[in-house]
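First up is the structure itself, then whatever we jot down about it.
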């Protein structure tokens, strides 16, 4: 029997809310299924053989015969203009994951009957599943239209729990927890049990009551698991979902979610097993299909382990990236352990995926996700520098640093840290201690600041979870980082540490903040806004845009004097803008074109110091720099770090490091360059040999020299080194 | 150097540094820039041809047909000339750059006026007498004639794997570039062989499409046989007296033989023998270098 029964439990009660217990044959079967899954199945089979076509189609939907159900629904809807018929047809499409078709049918139902509450609930449910900002508004509207509707009450309570407003949620739920209808009662008890779990108020009597009401149904546990997932408590989520599928082995949707979350706790074999069960039961689930395909592809990955840290890289990227990735991750974890007084427990796994779509599927089961990295406790998943490049604005080294900080904030608080604070610390640490110390204040943040769109600390989580405007997530990231920067400036690093401690003790967002800093949230918001005004209030975005455009236009036309003036004006206005479209490069080019190489170099160096990692100005700097300059080495290392597959960058970094007698680091660069499978391997082996020789590693130097000569036996510089090593 | 359109460089280049392997064997080359269709492509093809001709001129006489002048008759005549001058023990090299097309029956190499077909090229090239031949067809759709152009004594490079790859190729650009880059000389013998040039081109084309994040619209093909003929010099090589040169070549042959048996030897033994041979080479080179 398909697990769709269990989804229908939460759906069919939408069908006839006014009809009461016993009035809807589908609901009757659902009540039977709560206690005995096989008896429930028999009940549906009888309905599927009945004479009421709409009931037949609904029963076939639950039984999993989507094709036959669809045919009946089509015939019904072609012969009648029934809002209910449209609605139930939409429910079928919802079950087979064709959400857009479901959405269309709900809309058609509303077109036929604007007061069709169930269709409204269906649309709201889709908005909730998609984490759309309008979900709250849709749910509230339904409640205002039908204040006693159990589904509307529970839906609003669900959103309140998500937002941390558990008291408000309880008020909505408690009247339904004693409902006569077990279908309503069990859902209400499930949400109350979720509140208990989030508060660590265990064992939960609400959970026990829910399971007593529905001993054959795992859906109550699925609801609890959902809230564990969105609060990033993946180990707890896995435990709950495992219990759900043990109660109801054919709850295929739960197997799917369990599989995806087992990947987040580094239990790959178990994950595959549950995903395969999910696929056997429901082959329409794209997340499951995508993830299983990805797991097959990941058999081409290679693991590098360094103590309690493992980095997982695609075989093609393993050679050039492994040293940098492991070194970065280790440095990050050590740095944060000291700064936040927390040592990671257990093994840390960091995965870098060579295509963005693989990362997206790994994270959410579906392609098209907007983020570039994600941390699930001790498991970090992110794009590799091949999936997104520095030219596209993606600095993988900073992203890895960012995600490593999440490991700390999640671990240090048992995953209780609020979303915004964890992001804030991660962004702040990128700026403060990160590999590039890249501190970018993007245009959308300045815009939001100047248009009063920033959220207060008490509501900042909403900016991440349910954004109200397109750029709000990005703005929230920057704001969160600046808040942490402000806290450090006003209260010291200890202020951030105390906030983490508050979360660990179970305090909610507001109380953790206020108790740690001894200020009210409102006072803090006011002071912070003053800080922002002082730092960024003078930026005139219109003037900046005009100056930048003028600089680029002048450069295109060869008017370098004009380009210089305009670029300087743009930078003076908004010096922290170092993203694509910045004017540092054009200013440097203008200076160079006007014959002032020193000023050109000074601009490029300033850009780099601000955290700019656009390869073009950095490469230009190196072309014009003396090998003896210390900063040339660091700039070359920066370039090799953000563009690790750029052969020329790796070689140049190696050459400069060797020139400055940093032979071990030079060796890493030459080995990485060799792993990029260059045409001229003999020359690189010779450079590696020289670096090994420079570090006193004679055996290694000899092996590398022989490797060079094996390719090119008449390679004179290598022959000379061979003689020297043999003396 | 300015472009000398439609002029042979034979006379101008006879005074250039020419070091050949033996007194009798010579390298004779023909480089053709096809019809660009517009001024920009004409310029591109001419520049590529010039670069290639400059490189080949260090090895022997080079005849160049420029984009503005090359046509069916002049190409046929140039190949006849090459057949007449390149003897049996010489090396004959023909490089054709530009646009090509394929209509499922015939490949055509775009020149001014009527375009020669793949059948024309095959017939004309069959008159070459040289025992060592290299034909490089660096055009779109060139893969359509790969099989027809191959012969026992001829290595063929085409820019595409079949006639369907009809987008203008970058093969010619990177082939020309490779003949000027030290890094293309992977065995560090001071010369770029056809094998080395092709390896360079293949890698450069892969990097080209990867950098643009595009699917490759061309896939070069080459004959399976080794192509040791030299196409360019990247360093002035040392003059050796005959005994030294003979000794070096003998030890180098031993290295090659040892490499071939690597998989059947214990690693330690292989490295020991390799090192011994290489030290021998190193000493001979050092002694040659020390001689006045």
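Protein chains in written order, with our numbering: chain A, 8 to 734; chain B, 199 to 490.
Glycine included, C-beta positions come from ideal geometry on N, C-alpha and C.
Treat the numbers as computed from the prediction; the structure is a model and nothing was measured.
Check: Taking Cβ positions only, does residue 622 (chain A) come closer than 9 Å to chain B?
Finding: no
Margin query: Determine, for residue 480 (chain B), whether the minimum Cβ-Cβ distance to residues of chain A falls below 9 Å.
Written below: At least one chain A Cβ lies under 9 Å of residue 480 (chain B).
Next item on the list: Using a cut-off of 8 Å between C-beta atoms, extract the partners of residue 247 (chain B) located in chain A.
Entry: Result: empty, since nearest Cβ-Cβ is about 23 Å, beyond 8 Å.
Check: Any C-beta of chain B sitting closer than 9 Å to the C-beta of residue 587 (chain A)?
Finding: no
Next item on the list: Report yes if the CB atom of residue 262 (chain A) is closer than 9 Å to the CB atom of residue 236 (chain A), and no otherwise.
Entry: no
Next item on the list: Check the C-beta distance from residue 34 (chain A) over to residue 198 (chain A) and give it rounded, since I have them as a contact under 8 Å.
Entry: Not confirmed; about 20 Å, so no contact.
Checklist line | Min CB distance residue 387 (chain B) to chain A below 9 Å | finding: Put simply, the CB of residue 387 (chain B) is near chain A, with a gap under 9 Å to one of its CB atoms.
Check: If we ignore side chains and look at the alpha-carbon of each, how far apart do residue 732 (chain A) and residue 380 (chain B) end up?
Finding: Linking residue 732 (chain A) to residue 380 (chain B) through their CA atoms gives a straight-line distance of about 26 Å.
Check: When we look at the beta-carbon of residue 442 (chain A) and count the other beta-carbons within 10 Å, is it buried (16 or more) or exposed?
Finding: Buried is the call here.
Check: Relative to the ligand PLP, is the shortest distance from any of its heavy atoms to the C-beta of residue 441 (chain A) smaller than 8 Å?
Finding: Among the components modelled here there is no ligand, and therefore nothing to report on the ligand PLP.
Checklist line | Delimiting residues of the alpha helix (DSSP H) encompassing residue 372 (chain B) | finding: Residues 369-376.
Notebook entry, point to check: Whose C-alpha, out of A:264, A:553 and A:439, is nearest the C-alpha of residue 248 (chain A)?
Noted result: For residue 248 (chain A), the closest C-alpha among the options A:264, A:553 and A:439 is that of A:264.
Next item on the list: Look at the Cβ atom of residue 247 (chain B), then the Cβ atom of residue 295 (chain B), and state whether they are nearer than 9 Å.
Entry: yes
Margin query: Can you confirm whether residue 690 (chain A), when its beta carbon is compared against all beta carbons of chain B, has any partner nearer than 9 Å?
Written below: Yes, its Cβ sits closer than 9 Å to a Cβ of chain B.
Item checked: Rounded distance between the beta-carbons of residue 412 (chain A) and residue 366 (chain A), thought under 8 Å -> No, residue 366 (chain A) and residue 412 (chain A) are not in contact; Cβ-Cβ is about 19 Å, not under 8 Å.
Note to self: So with CB distances below 8 Å, who are the chain A contacts of residue 270 (chain B)?
What the structure shows: Correct list: empty, because the minimum Cβ distance to chain A is about 37 Å.
Item checked: DSSP state of residue 542 (chain A) mapped onto helix, strand, coil -> helix
Check: Where do the ends of the beta strand (DSSP E) carrying residue 289 (chain B) lie?
Finding: 289-295
Checklist line | Range covered by the beta strand (DSSP E) that runs through residue 227 (chain B) | finding: 225-231
Notebook entry, point to check: Do residue 355 (chain B) and residue 253 (chain B) come within 9 Å of each other at the CB atom, strictly closer than that value?
Noted result: no
Notebook entry, point to check: Is the beta carbon of residue 125 (chain A) less than 9 Å from the beta carbon of residue 146 (chain A)?
Noted result: Cβ atoms of residue 125 (chain A) and residue 146 (chain A): not closer than 9 Å.
Checklist line | For residue 316 (chain A), the first and last residue of its enclosing alpha helix (DSSP H) | finding: Run containing residue 316 (chain A): none in the alpha helix (DSSP H); it sits in the beta strand (DSSP E), 316-321.
Margin query: Can you pull the chain B neighbours of residue 722 (chain A), defined as C-beta to C-beta under 7 Å?
Written below: 386
Check: Which of the residues in the region 637-660 of chain A, read from start to end, lie with their CB under 9 Å from any CB of chain B?
Finding: 652 and 654
Margin query: Please state whether the Cβ-Cβ distance between residue 172 (chain A) and residue 183 (chain A) is less than 9 Å.
Written below: No, Cβ-Cβ distance for residue 172 (chain A) and residue 183 (chain A) is not below 9 Å.
Checklist line | First and last residue of the uninterrupted alpha helix (DSSP H) at residue 88 (chain A) | finding: Note, residue 88 (chain A): premise wrong, no alpha helix (DSSP H); not H, not E.
Next item on the list: Compare the C-beta of residue 729 (chain A) against all C-beta atoms of chain B and say whether one is closer than 9 Å.
Entry: yes
Item checked: Check whether residue 302 (chain B) and residue 719 (chain A) have beta carbons under 9 Å apart -> no
Next item on the list: Would you mind giving the Cβ-Cβ distance between residue 341 (chain B) and residue 361 (chain B), rounded to the nearest angstrom? I have them listed as a contact below 8 Å.
Entry: 6 Å
Notebook entry, point to check: Taking 9 Å as the CB-CB limit, is residue 398 (chain B) close to chain A?
Noted result: yes
Next item on the list: Find the nearest neighbour of residue 349 (chain B) within the set B:339, B:331 and B:473, judged by alpha-carbon distance.
Entry: B:331
Notebook entry, point to check: Of all the alpha helix (DSSP H) runs that stay within the bounds of the region 337-369 of chain B, which reach a length of 4 or more residues?
Noted result: 344-347
Margin query: As a quick exercise: from B:287, B:450, B:397 and B:277, pick the residue whose alpha carbon is nearest that of residue 684 (chain A).
Written below: B:397
Next item on the list: May I ask you to verify whether the region 430-446 of chain A touches the region 508-527 of chain A, counting CB pairs closer than 8 Å and requiring at least 3?
Entry: no
Note to self: What does the alpha-carbon distance come out to for the pair residue 275 (chain B) and residue 399 (chain B)?
What the structure shows: 29 Å
Checklist line | For residue 667 (chain A) and residue 640 (chain A), believed in contact at Cβ under 8 Å, the rounded distance | finding: 5 Å
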